[in-house]
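Residue numbers (mature numbering (1 follows the signal peptide of the UniProt record, and there is no 0)): -23 to -1, 1 to 340. Every residue gets a Cβ at the ideal spot worked out from N, C-alpha and C, and that includes glycine. Only a predicted model underlies this, so the values are computations on that prediction, with no experimental measurement involved. Working notes for the structure below.
Quick look at the structure:
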């Protein structure tokens, strides 16, 4: 695929992350809401992130990431850090252990030589402990915690976006920027790389956690190595997404919802079932979901027991994830509360019992 077209595809995808996140749900990072109600932050997401995001092979990246995620999450939990930080190595290295940057950063956490040595790692002619998963991950966790605490010490307060910006830019530079510009990472003027850094992590988190929502924007499964945009370059998908009238309608939806400030107060589960026995199910196919209980949502009101609606499904590994039409507010889970259902169940069963996780908001 032409590199320019790759940048366009990934950029368009991230623009939709920005737009969809603002219009429909509370985008968060490390448990802290991203201030998507501010138009200039939306503009920065749309106009800046899509121009500079790294080109990646999503199927290969996902395989590497899901091999490392359980390990990384154990370290994050041991150090008292939020699980969202597991996405940081994706932006840093794509979980490539021997990755080395032009300035000498190395390993999945892209640690600089001076930083490594200051935290006790050995770098010499025979070994480089930045390639040691255990030692490098412990260093990264310690560095993140140190950045968090140093912001409190030097400027009196902290938050996770600033803490992670310091991982990229250095704590000294971020302290200076905070003293000059305040505490809101999303509105600060920083160097181009650091200004994009947290946005990239948030974008990756959205894609990995809600692939069914974004695949439909492309018309193909971005995590399926056998899928891809059709008729590149200038495919129908790209033309539709770049159409000024389409983007104007999206922007109107963004503006309509921009001042909605809501907080999730609880999760509730509604029983439903999927009508199975779908022969030769493929990415993007429609299946029927039937409510076994009433479903009350903040955005679409009340749907009664027995209501049947068609939903689009996407195959992720051995499971099928469904776009229900409620954005992030309602998610289809199996009866073990795991997202999606097994593909084998969809192909073989007549009826598959599921749960719909419904987020209840408070204005």
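Query                                                                                                                                                                        : Result
What does residue 322 pair with, by DSSP beta-bridge criteria?                                                                                                               : According to DSSP, residue 322 bridges with nothing at all.
Tell me the residue span of the alpha helix (DSSP H) that contains residue 135.                                                                                              : It is not in any alpha helix (DSSP H) - residue 135 carries neither H nor E in the DSSP assignment.
Around the C-beta of residue 290, are 16 or more other C-beta atoms found within 10 angstroms, so that it is buried, or is it exposed?                                       : buried
Mapping DSSP to helix, strand and coil, what is residue 278?                                                                                                                 : strand
Express the C-alpha separation of residue 130 and residue 231 in angstroms, rounding to a whole number.                                                                      : Residue placement at residue 231 is flagged as unreliable, the pLDDT there being 40, under the threshold of 50; the coordinate-derived value follows with that caveat. Near 38 Å, if we compare the C-alpha coordinates of residue 130 and residue 231.
Grouping DSSP H, G and I as helix and E and B as strand, with all else coil, what is residue 10?                                                                             : strand
May I ask you to report which of helix, strand or coil DSSP gives residue 149?                                                                                               : helix
Mind the definition here: the stretch 87 to 97 touches the stretch 50 to 62 only if three or more C-beta pairs lie below 8 Å; say whether that holds.                        : no
Determine the contact status of residue 191 and residue 305, defining contact as a CB-CB distance below 8 Å.                                                                 : no
Between residue 333 and residue 307, how many whole angstroms is the CB-CB distance? I'm expecting something under 8 Å.                                                      : 5 Å
Would you mind working out which of 331, 203, 174 and 285 sits nearest residue 140, comparing C-alpha positions?                                                             : 174
Where residue 163 and residue 43 are concerned, what is the direct C-alpha to C-alpha distance, given to the nearest angstrom?                                               : 29 Å
Would you report the Cα separation of residue 9 and residue 297, rounded to the nearest angstrom?                                                                            : 29 Å
Run the CB neighbour count on residue 285, radius 10 Å, all protein chains shown included, and call it buried at 16 or more, exposed below.                                  : exposed
Residue 66: buried (16+ other C-beta within 10 angstroms of its C-beta) or exposed?                                                                                          : buried
Confirm, please, whether the CB-CB distance from residue 83 to residue 51 is below 8 Å.                                                                                      : no
Give the single residue among 136, 64 and 117 whose Cα lies nearest to the Cα of residue 11.                                                                                 : 136
Assess, as a yes-or-no matter, whether the stretch 269 to 280 is touched by the stretch 317 to 328 under the definition of 3 or more beta carbon pairs within less than 8 Å. : no
Between the Cα of residue 169 and those of 125, 142, 276 and 160, spot the shortest distance and give me the residue it belongs to.                                          : 142
Quick one: Cα of residue 158 to Cα of residue 172, how far?                                                                                                                  : 13 Å
Sorted by chain position, which residues of the same chain lie with C-beta nearer than 6 Å to residue 219's C-beta, five sequence neighbours on each side aside?             : At residue 219 the pLDDT is 38, less than 50, meaning the model places this residue with poor confidence and gives no usable figure here.
Apply the 10 Å Cβ neighbour rule to residue 128 and answer buried if 16 or more other Cβ atoms are within range, or exposed otherwise.                                       : buried
By the 10 Å Cβ neighbour count, where 16 or more other Cβ atoms means buried, how is residue 244 classified, buried or exposed?                                              : exposed
Alpha carbon to alpha carbon, how far is residue 72 from residue 38? Give it in angstroms, no decimals.                                                                      : 8 Å
Who are the Cβ neighbours of residue 81 in its own chain at under 8 Å, not counting the five residues just before and after it?                                              : 89 and 90
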